Every structure is written in structure tokens, then in C-alpha cells.
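Enquirer: My structure is below; once you've seen it, I'll send some questions.
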Amino acid sequence: MADDIVFDKRFDLAPGVVEQVIPGVRRILCNNPSPFTFKGTVSYIVGTGKVAIVDPGPDDAAHVKALLDAVRGETVTHILVTHTHRDHSPATPAVKAATGATVYAEGPHRPSRTINLGEAPRLDASGDFDFRPDVRLADSDIVAGDGWTVEAVTTPGHTKNHMAFALKEANAMLIGDHVMAWSTSVVAPPDGSMRDYMASLDKLTRRAETIYLPGHGGVINDAPAFVAQYIAHRKGREDSILARLAKGDADIPTLVRAIYIGIDPRLVGAAGLSVFAHLEDMVARGTVACEGEPSLSASYRLARGGLGRGSS
Ligand SMILES: [Zn+2]
5 MADDIVFDKR FDLAPGVVEQ VIPGVRRILC NNPSPFTFKG TVSYIVGTGK
55 VAIVDPGPDD AAHVKALLDA VRGETVTHIL VTHTHRDHSP ATPAVKAATG
105 ATVYAEGPHR PSRTINLGEA PRLDASGDFD FRPDVRLADS DIVAGDGWTV
155 EAVTTPGHTK NHMAFALKEA NAMLIGDHVM AWSTSVVAPP DGSMRDYMAS
205 LDKLTRRAET IYLPGHGGVI NDAPAFVAQY IAHRKGREDS ILARLAKGDA
255 DIPTLVRAIY IGIDPRLVGA AGLSVFAHLE DMVARGTVAC EGEPSLSASY
305 RLARGGLGRG SS
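Now the structure itself:
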């Protein structure tokens with residue numbers, strides 16, 4: 005597809021090695037690679053002397069030790085958490101216990117909508133339901149440390165509580181899993197919501213930051229252009245779904261086979277959830293219909309009078 009994203013999969017940081025990524029920000033990689041986490045979770049250290057740690061990472065003793073080693077001789081005053089997937093927040097209590105830092109985040113883990121029958125186990129598998137911030141942040145709240153200032157930017161979609169942190173001194177944004185250079189972001193209902201996600205991408209188009217520091221993989225240096233590609237990609241996915249449904253009703257496995265050619269077999273489940281996320285949004289907007297509530301097992305069709313016919 006002409007509208008597809010140009011991914012940047014270069015990322016050579018070794019686990020446990022501290023590296024300055026932009027002025028005033030260091031990063032350190034956890035050794036938890038997977039098809040979903042790429043090389044692993046990237047934790048960030050903001051400031052010098054009195055610092056903030058952004059996303060302490062999974063419950064991984066080696067990573068916690070590496071993080072604490074990286075800030076030896078400094079004071080950790082703040083812990084900022086972008087969202088509460090198990091690869092981002094479970095190390096928070098250990099880092100807080102070792103440093104006494106105050107934990108800031110949007111709020112506890114919760115689904116993006118009410119849970120339907122059979123959905124709870126999947127939600128439990130990915131979410132850190134034990135997480136509680138000391139301080140809950142709202143959109144536009146400012147958190148100031150010694151020599152650094154961040155603005156909280158609510159970015160729901162990947163999770164309900166996803167929050168990015170705009171670093172004023174660097175015109176940069178700690179963007180979590182909302183936008184990543186190496187891959188699209190997983191949006192899996194009911195944990196995530198495509199409607200929220202698209203609105204949160206749109207929100208980025210009204211901001212000035214040019215550099216994004218993601219929770220996995222390398223830096224995005226031309227953020228506005230990259231976000232435009234991300235939005236075009238999602239719209240392209242919608243067009244592909246509509247084009248397939250124009251040929252006849254289809255369930256989610258049929259749509260995945262039609263749309264994701266040559267996909268890594270380990271990602272078929274995630275692709276199904278992503279298609280489901282689009283379908284939920286399209287049913288809500290009236291372009292697609294199904295019997296009853298949208299679900300993973302439903303059959304979908306173009307809504308009468310829906311848009312998109314012939315969009316292939
Ligand atoms: Zn995540």
C-alpha cells in the first residue's frame with residue numbers, strides 16, 4: 005500500500021547499558037525482547053543529579069539493578085509511568101522502595117469499555133492491575149523537577165490510562181507505546197480502543213514536539229511526519245476492511261487473511277484484535293454492522309448506506 009509506514013528497525017542498544025539519547029535524557033534497555041516488545045522495554049532517566057525515571061519496566065531484577073546502578077550518586081525524585089502494561093510498570097514498587105521517589109501516572113489499569121463475556125482473562129494477562137500511582141495526573145498537568153519540566157498529555161487508546169510526557173526543555177515527548185518507530189501500536193479491545201487511539205493520534209498533530217522517545221525501539225526524529233504516516237496507515241486498514249466486506253460478509257479470521265499478507269504467525273492473534281478494534285469503531289460510527297454487540301466471533305457486513313463501498 006502506498007500509504008504504509010516507513011519503519012525504522014535500527015536499535016543497537018545492549019541491555020543494561022546506559023546511553024544519553026538526547027541532551028538531558030538517558031535510556032536503558034531491559035532484556036525482555038519479544039514480537040511485541042521488539043528488543044525490550046526502554047526506560048528513560050530525565051535530568052542530572054535529581055532525576056525522574058520514566059517507565060521502570062517489567063518485574064525484572066536485573067533491569068531494576070541496572071536502573072539503580074545508572075543513577076548511583078544521584079537522587080530519584082520522580083517516577084513517571086506512561087501506562088500499565090506488564091512490560092512497563094511492574095518494576096515501579098522496587099524502584100520506589102529503593103529511592104523513595106513519588107510515582108506519577110494517569111491512574112490504575114482499567115479497560116477502555118465494559119468487558120464482555122470471556123474477555124477478562126486476556127485483559128488480566130497484559131495489565132498490571134496492582135499498580136497505583138502516588139499522584140494521578142490529568143491532561144496538561146505540569147510536573148517539574150530539578151532542571152526539567154514535563155507536561156502530562158493524556159493519550160488513551162493503546163490503554164485507557166496511556167499518558168505521554170512532553171519534556172519542555174527538549175521539545176521532545178516521552179511517548180510510551182502510543183507511537184513507535186519500529187512498528188504500529190497494538191490496540192486490543194477491551195484493553196484498548198481504536199476510537200480513543202485515533203483521537204489521541206489526532207491530538208499529536210496539534211502539538212509542536214518534533215522528537216519522540218518511545219517505550220520500545222529507537223528515537224523518532226521527525227515526529228509530525230511520522231504521525232501523519234501512522235494516521236494514514238490506520239485509515240488504509242479501514243479501507244482494506246471495507247473493501248473486503250464489499251465482496252461479502254466476513255468474520256475476523258477471514259479479514260485477517262485478506263489484509264495481513266505474510267504476517268508472522270506469532271502475531272495473528274494480535275492482528276485479529278487490531279481488526280476487531282477497527283470493527284468496533286466502524287460499527288460505532290455506522291459504516292459496518294454485525295448481529296448483536298461487536299465481538300471476536302461475530303460476522304461483519306457493510307452497513308446499509310455505510311461509506312467506503314468501492315474504496316479498493
Ligand atoms: Zn503497552
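Heads up: the sequence shown begins at 5 in my numbering, then just goes up one per residue. We put the beta carbon where it would ideally sit given N, CA and C, even for glycine. Just so it is clear, the structure is predicted and the values come from calculations on it, not from any experiment.
Give me, in chain order, the residues of the same chain whose beta-carbon lies closer than 6 Å to that of Leu-67; leave out the 5 immediate sequence neighbours on both sides.
Expert: As a position in the sequence shown, residue 67 is number 63, starting the count at 1. Here the sequence assigns His to residue 67, which means Leu is not the residue at that position. Correct list, in chain order: Cys-34 and Gly-61.
Enquirer: How would you call Val-10, buried or exposed, if buried means at least 16 neighbouring beta carbons within 10 angstroms?
Expert: Start at 1 with the first residue of the sequence shown, and residue 10 comes out as number 6. Exposed, because fewer than 16 other Cβ atoms sit within 10 Å of the Cβ of Val-10.
Enquirer: Ligand 1 heavy atoms versus the CB of His-237: any closer than 7 Å?
Expert: By one-based count along the sequence shown, residue 237 stands at place 233. No, the Cβ of His-237 stays beyond 7 Å of every heavy atom of ligand 1.
Enquirer: Let me know the secondary structure DSSP gives Asn-36 once reduced to three states.
Expert: As a working note, residue 36 is residue 32 in the sequence shown. The answer is coil: DSSP assigns Asn-36 none of H, G, I, E or B.
Enquirer: Work out the CA separation of Ala-65 and Gly-131 for me, nearest whole Å.
Expert: Taking the sequence shown and counting its residues from 1, one reaches residue 131 at position 127. Taking the sequence shown and counting its residues from 1, one reaches residue 65 at position 61. Taking the straight line joining both Cα atoms gives about 19 Å.
Enquirer: Confirm, please, whether the CB-CB distance from Ser-299 to Ala-254 is below 8 Å.
Expert: Mapped onto the sequence shown, residue 254 falls at position 250. Mapped onto the sequence shown, residue 299 falls at position 295. Their beta carbons are not under 8 Å apart, which means Ala-254 does not touch Ser-299 by this criterion.
Enquirer: Checking the sheet assignment: what are the DSSP bridge partners for Pro-218?
Expert: Working through the sequence shown from its first residue, we reach residue 218 at position 214. In DSSP, Pro-218 forms a bridge with Gly-180.
Enquirer: Return the CA-CA distance between Arg-241 and Asp-268, expressed in angstroms with no decimal places.
Expert: Numbered from its first residue, the sequence shown carries residue 241 at position 237. Numbered from its first residue, the sequence shown carries residue 268 at position 264. Computed Cα separation, rounded: 18 Å.
Enquirer: Taking a contact to mean a Cβ-Cβ separation below 8 Å, would you say Pro-194 touches Ser-116 in this structure?
Expert: Working through the sequence shown from its first residue, we reach residue 194 at position 190. Working through the sequence shown from its first residue, we reach residue 116 at position 112. Their beta carbons are under 8 Å apart, which means Pro-194 touches Ser-116 by this criterion.
Enquirer: Distance, Cα to Cα, Ala-109 vs Arg-308?
Expert: On the sequence shown, position 105 is the one that residue 109 refers to. On the sequence shown, position 304 is the one that residue 308 refers to. Straight-line Cα distance between these residues: approximately 43 Å.
Enquirer: Check this for me: beta carbons of Leu-217 and Ala-176, under 8 Å apart or not?
Expert: Residue numbering aside, residue 217 sits at position 213 when the sequence shown is read from its first letter. Residue numbering aside, residue 176 sits at position 172 when the sequence shown is read from its first letter. For Leu-217 and Ala-176, yes; Cβs fall inside 8 Å.
Enquirer: Buried or exposed for Pro-94, please, with buried defined as at least 16 other CB atoms from any protein chain shown within 10 angstroms of its CB.
Expert: If you number the sequence shown from 1, residue 94 lands on position 90. So Pro-94 ends up on the buried side.
Enquirer: Using only the alpha-carbon positions, how far apart do Arg-31 and Glu-23 sit?
Expert: Taking the first residue of the sequence shown as 1, we reach residue 31 at position 27. Taking the first residue of the sequence shown as 1, we reach residue 23 at position 19. Computed Cα separation, rounded: 5 Å.
Enquirer: Span of the beta strand (DSSP E) holding His-82?
Expert: On the sequence shown, residue 82 is found 78 positions in, with the first residue counted as 1. His-82 -> beta strand (DSSP E) spans 79-84.
Enquirer: Who's in the neighbourhood of ligand 1, going by beta-carbon under 5 Å from any heavy atom, listed in chain order?
Expert: Listed along the chain, these residues meet the criterion: His-89 and Asp-181.
Enquirer: Can you name the residues that DSSP bridges to Val-50?
Expert: By one-based count along the sequence shown, residue 50 stands at place 46. For Val-50, which the question treats as bridged, DSSP gives the partners Val-29 and Ala-56.
Enquirer: Identify every run of the alpha helix (DSSP H) within the segment 91-163, keeping only runs that are complete inside it and at least 4 residues long; order them along the chain.
Expert: If we require 4 residues or more, the alpha helix (DSSP H) runs fully inside the segment 91-163 come out as 96-103 and 124-130.
Enquirer: Would you call the segment 283-291 and the segment 203-219 touching, i.e. three or more CB-CB distances under 8 Å?
Expert: At 8 Å Cβ cutoff, the stretches do not touch.
Enquirer: With a CB to CB cut of under 6 Å and the five nearest residues on each side skipped, what residues in its chain are close to Asp-285?
Expert: The residue given as residue 285 occupies position 281 in the sequence shown. If we look at Asp-285 and ignore the five residues flanking it on each side, its Cβ neighbours are Met-198 and Arg-199.
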